[in-house]
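In what follows, a single structure is set out as C-alpha cells and then discussed.
Numbering (mature numbering (1 follows the signal peptide of the UniProt record, and there is no 0)), first residue to last: -28 to -1, 1 to 223.
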C-alpha cells in the first residue's frame, strides 16, 4: 500500500474551446507515434497555439499492456482534465503528460515530482541505505547508458534480513545520457527525504522515474488482451491503486 497521493488543482472551465483546438488533436495523434519501445511523443499546432503530449510505458511492459494503459490514460485525461492547460497521469505501467508548453524543455525537474512510499520501514535504516545507494547507482548508470529507443534498467540484489531488493530506473529515451543521469540522480536523492528506510518507494517525474521494492514487481508474462488504440473504453475506468492525476487550469 502506498501513501502520498496529491489532489487536483481547482478546475477552470474558461476558454474551453482552446482545449479542443489544441489538446484534442495532440491526444488523438499520440497513439500513432510509438517508437516500438513504449515511448510516444506528439505535437499539434505551432508557436503559442501548440500543444504537446508524451507517454512513457514501463520498460518491461509488453506492447498490448502499454497500449491498454495509454488508451486508459487518454480517456481518463479527456474526462478528468477537460479544459486544462496541463495534466499528468501516473499509472502502474505508464505515464501520460499533456501541456501547452514543451514538456521536455527547460531544467525544472521538480515539475510533476511525486514520491510514493510503502508504509513499512526497515529497522536498521543505516544498513539498508548502505545497500540501496550502490544498487540504485548501478541501475542509474545502466539506464542512462541506454540508446535513443530505451533508457531502462531493472535488476535485483540481496537485501537486509534475508530479503531481495528489486529496483527500476527509466528515462524518456530521447534524453541524452547526461540528461538522463542528472534526472535519475535527482530522483534517487529524493529517497532520503521522502522515503528514508522504507521497504519500498517510487519517485515519479515526467522525464524519469525510479523505484525499489522487496518483492518482484516486474512483468513476467502477458496478462491482458490487446486493445484497439483507436477505440477508447466505453466508460471511465476506476484508477488503479496509486494512480495520480493532476490538472492545471488554462490561463
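Each residue gets a CB set at the ideal place from its N, CA and C atoms; glycine is no exception.
All values reported here derive from a predicted model rather than from experimental measurement.
For the pair residue 22 and residue 93, the Cα-to-Cα distance works out to about 45 Å. Between residue 175 and residue 88, the CB-CB gap stays under 9 Å. Distance from the CA atom of residue 180 to the CA atom of residue 46, rounded to whole angstroms, is 20 Å.
Distance from the CA of residue 7 to the CA of residue 35, rounded to the nearest whole angstrom, comes to 11 Å. Here the C-alpha atom of residue 158 lies approximately 11 Å from the C-alpha atom of residue 164. Under the criterion of beta carbons closer than 8 Å, residue 122 and residue 31 qualify as touching, at roughly 6 Å. Residue pairing from DSSP places residue 140 in a beta bridge opposite 126, 183. Closest in C-alpha terms to residue 17, from the list 67, 11, 25, comes 25.
Membership of residue 13 in the beta strand (DSSP E) is indicated by the continuous run 11 to 16.
Taking a 10 Å sphere around the C-beta of residue 145, we find 16 or more other C-beta atoms and assign the residue as buried. The continuous alpha helix (DSSP H) containing residue 160 extends over residues 149 to 161. Sixteen is the threshold: when 16 or more other Cβ atoms of the shown chains lie within 10 Å of the Cβ of residue 171, as they do, the residue is buried.
In the three-state reduction of the DSSP assignment, residue 60 falls in the strand class, which pools E and B. Under the three-state reduction of DSSP, residue 45 is assigned to helix. The stretch 102 to 120 makes contact with the stretch 147 to 158, as at least three CB pairs between them are under 8 Å.
Using a 10 angstroms sphere on the CB of residue 70, the tally of other CB atoms reaches 16 or more, which defines it as buried.
Take residue 188, set aside five residues on each side of it, and the residues of its chain with a beta-carbon closer than 6 Å to its own are 138, in chain order. Judged by beta-carbon spacing, residue 169 lies within the 9 Å limit of residue 100, meaning their Cβ atoms are closer than that value. Taking a contact as a CB-CB distance under 8 Å, the pair residue 61 and residue 50 does not count as one, their CB atoms being some 11 Å apart. Bounds of any beta strand (DSSP E) do not take in residue 76, whose DSSP letter is neither H nor E. The three-state reading of DSSP puts residue 167 in coil, since its state is none of H, G, I, E or B.
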